[in-house]
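**Student:** I have a structure here, written as structure tokens, and I will follow up with some questions on it.
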Amino acid sequence: FLMEKGASVNAKDAVPPSLPNEKPGQPSTPLIDACKAGDGGLAAGVTPLTAVVDALLARGAEVRGPVPEGHASPLIRFLSQGRLRCASKLLAAGAEPTADASGKNALHHLWSYVFGSAAKSSMAILAKDMAVKLLTSPAWGTRLMSEFTQDRPGVTPLHSLVQAFASQTYSLAGQDQITDMCARAASLLELLRLVPPSVCFSKWVQPPEGHETWSTPPPSPLSLLCCKEFFEHCQD
1 FLMEKGASVN AKDAVPPSLP NEKPGQPSTP LIDACKAGDG GLAAGVTPLT
51 AVVDALLARG AEVRGPVPEG HASPLIRFLS QGRLRCASKL LAAGAEPTAD
101 ASGKNALHHL WSYVFGSAAK SSMAILAKDM AVKLLTSPAW GTRLMSEFTQ
151 DRPGVTPLHS LVQAFASQTY SLAGQDQITD MCARAASLLE LLRLVPPSVC
201 FSKWVQPPEG HETWSTPPPS PLSLLCCKEF FEHCQD
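Each residue of the sequence shown is one higher than the one before, starting from 1 at the first, in the UniProt record's numbering.
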């Protein structure tokens with residue numbers, strides 16, 4: 001109703017300080033506020049969060065604008081919350097999937113959903129579809145796969161991809177589990193083959209100063225795969 005009456009979907013609201021010497025809060029737009037709703041009313045009942053995002057985008061909500069200092073963009077926030085449908089809508093609207101204050105880009109986040117659910121679940125399928133589109137994008141594929149996380153140990157999405165696969169615990173007690181594991185392995189191989197050829201697989205970590213003194217340096221993607229017999233049940 002408010003939007004129909006001309007309310008701006010890109011209006012920025014500054015939060016006033018609650019104490020005399022406190023700094024004002026960072027300005028926020030309706031789209032950023034929708035992300036912050038998290039598990040609140042917008043997501044839980046009155047209006048589905050996807051419908052809210054659709055309405056804001058239909059009215060021209062800015063998806064590439066600056067975000068409050070120290071905060072994640074709406075796209076990254078939705079991904080970190082597991083709200084992939086909302087995130088996919090922002091991507092389709094032109095949101096940039098690069099890393100921001102969260103320290104991870106879109107691919108860093110997506111891998112956990114590709115391998116964190118059953119291989120044929122709707123969550124895994126949607127996450128993989130989004131990842132494939134980004135990997136094969138001339139504008140984003142190489143750039144995203146070459147970005148290091150800002151926090152230690154500073155790894156690229158290549159490491160995060162293999163880590164997400166390797167961190168899953170599989171029970172091979174029945175045929176269903178074996179079938180699912182084989183499907184995950186097939187997805188991993190497919191995604192690795194889609195990595196742009198310009199991406200250097202040996203540059204998966206950004207060694208900070210004093211990296212050699214770490215008590216537990218991060219394992220390489222190859223080591224993550226070789227340390228367990230992931231593929232013994234996936235032979236032809």
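For every residue, glycine included, the Cβ atom is placed at its ideal position computed from N, Cα and C.
In this structure, does DSSP put Val53 in helix, strand or coil?
**Tutor:** In the structure shown, Val53 sits in a helix (DSSP, three-state: H, G or I).
**Student:** Does DSSP put Val67 in a helix, in a strand, or in coil?
**Tutor:** Three-state DSSP puts Val67 in coil, outside helix and strand.
**Student:** Taking all protein chains shown into account, do 16 or more other C-beta atoms lie within 10 angstroms of the C-beta of Leu172, making it buried, or fewer, making it exposed?
**Tutor:** Unreliable positioning characterises Leu172 in this predicted model, as indicated by a pLDDT of 43, which lies under 50. The coordinate reading is nonetheless provided below. Per the 10 Å Cβ criterion, exposed.
**Student:** DSSP beta-bridge partners for Val205?
**Tutor:** In DSSP, Val205 forms a bridge with Val155.
**Student:** Does DSSP classify Gln81 as helix, strand or coil?
**Tutor:** Helix.
**Student:** Exposed or buried, what is Lys23 when buried is set at 16 or more other beta-carbons lying within 10 Å of its beta-carbon?
**Tutor:** Because the pLDDT of Lys23 is 49, which lies under 50, any placement of that residue in the model is unreliable, and the question is left without a value.
**Student:** Could you compute how far the alpha carbon of Thr156 sits from the alpha carbon of Ser146?
**Tutor:** Cα-Cα distance, rounded: 6 Å.
**Student:** When DSSP labels each residue in this structure, what does Trp140 get in the three-state scheme?
**Tutor:** Here Trp140 sits in coil by DSSP.
**Student:** Since Lys133 is in the alpha helix (DSSP H), which residue starts that stretch and which ends it?
**Tutor:** Unbroken alpha helix (DSSP H) run through Lys133: Ser122 to Leu135.
**Student:** In the DSSP assignment, the alpha helix (DSSP H) including Phe115 goes from what residue to what residue?
**Tutor:** Per DSSP, Phe115 belongs to the alpha helix (DSSP H) from Ala106 to Gly116.
**Student:** Alpha carbon to alpha carbon, how far is Arg64 from Ala87? Give it in angstroms, no decimals.
**Tutor:** One C-alpha to the other measures close to 13 Å.
**Student:** What's the gap between the Cα of Cys182 and the Cα of Asp100?
**Tutor:** Looking at the two C-alpha atoms, the distance is approximately 34 Å.
**Student:** Out of Arg85, Ala131 and Leu31, which one is the CA nearest neighbour of Ala62?
**Tutor:** Correcting the residue identity first, residue 62 is Glu in this sequence and not Ala. That would be Leu31, whose Cα lies nearest to the Cα of Glu62.
**Student:** Is Val114 closer than 8 Å to Gly154 when the C-beta atoms are compared?
**Tutor:** For Gly154 and Val114, no; Cβs fall outside 8 Å.
**Student:** Under the three-state reduction of DSSP, which class applies to Cys200: helix, strand or coil?
**Tutor:** DSSP places Cys200 in coil when its eight states are reduced to three.
**Student:** Give the straight-line distance between the Cα atoms of Asp151 and Glu96, rounded to the nearest whole angstrom.
**Tutor:** If you take the alpha carbons of Asp151 and Glu96, they lie about 20 Å apart.
**Student:** Please classify Phe148: does DSSP put it in a helix, a strand, or coil?
**Tutor:** Residue state, collapsed to three classes: coil.
**Student:** Which term fits Ser122, buried or exposed, when burial requires 16 or more other beta carbons within 10 angstroms of its beta carbon?
**Tutor:** Exposed, since its Cβ has fewer than 16 Cβ neighbours within 10 Å.
**Student:** In terms of residue numbering, what span does the alpha helix (DSSP H) encompassing Ser223 cover?
**Tutor:** Per DSSP, Ser223 belongs to the alpha helix (DSSP H) from Pro221 to Cys226.
**Student:** Lys5 to Thr29, Cα distance in whole Å?
**Tutor:** The predicted position of Lys5 is uncertain, since its pLDDT is 43 and thus under 50; no value can be drawn from it.
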